[in-house]
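To start, the structure itself, in structure tokens.
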Amino acid sequence: MIDPCAPPEAEAVLLYGARRLLMVLHAAGSIVLVGASTHHALTMRHYLRDRFIRVSTEKTWAKVVAVAYVFTFAVGAMLYPTYRYHVRGIYLDRYAPLYSGLFDVKEVYASLTLVVALGLGALAFTLRPSEERWLVRIYAVMSFLVCGVVWLNVTLGILVTSVRGLG
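Read in order, the letters of the sequence shown are residues 8 to 174 in the working numbering.
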């Protein structure tokens, strides 16, 4: 059966045929990322009061954040050519430029925060919070930053998709 919405062969973009699967994987990664980053940020409230309880659980959350962030970012990068042409290029730039701009904000913050999420995961392997208290505050700020950007990106992603999805 021919898909009436599929682009002509000459206009096909990279991974267009896998867009729905990639979108589901991107959403699943986002769900894991929201949960893990929120749990980790909530754990940091204890660390900031010098109560280092459940350290191994906190470290697990930090590692999950780093892996889920990289996974979600990579799948989003695979979706980007399809989004750029079929959603942004054909529709958003013309009919909803505000949402096109919101996606750009989402993309910039996601890219910059990737480094912070990787740093959070790396510190989870080496940080000894009861011995390196000076680093705990930096670690907590990293956690709060990642969590805030993840929530911002999920919210903006839902808003943009509500206007025009990949189809």
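In this text, a Cβ means the ideal position worked out from N, Cα and C, and glycines have one as well.
Setting aside the 5 residues that flank it on each side, L173 is surrounded in the same chain by R26, R27, M30, L86, T89, Y90, H93 and V94, each with a C-beta closer than 8 Å to its C-beta; the list follows chain order. Approximately 5 Å separates the beta-carbon atoms of A43 and V72; this is inside 8 Å, confirming the contact. Scanning F132, L163, Y102 and V170 for the CA closest to the CA of A69 turns up F132. At the C-beta level, L99 and V161 stay beyond 8 Å of one another. For W158, the closest alpha carbon among the candidates L127, L130 and T45 is that of T45. Taking one beta carbon from each stretch, the stretch 118-128 and the stretch 57-65 have fewer than 3 pairs nearer than 8 Å; the two do not touch. Taken atom to atom, the span from the alpha-carbon of T168 to that of A34 is near 11 Å.
Judged by their CB atoms, F59 and P136 are nearer to each other than the 8 Å cut-off. If the five residues before and after G36 are omitted, its C-beta is found closer than 7 Å to the C-beta atoms of A75, F78, T79 and V82, all from its own chain and listed in chain order. G108 sits in a helix when the DSSP states are folded into three classes. Between V122 and L163, the CB-CB gap reaches or exceeds 8 Å.
Its Cα nearest to that of I165, the residue L109 stands out among L109, L49, R52 and L40. Under a 10 Å Cβ-count criterion, Y106 is classified as buried, with 16 or more other Cβ atoms of the shown protein chains found around its own Cβ.
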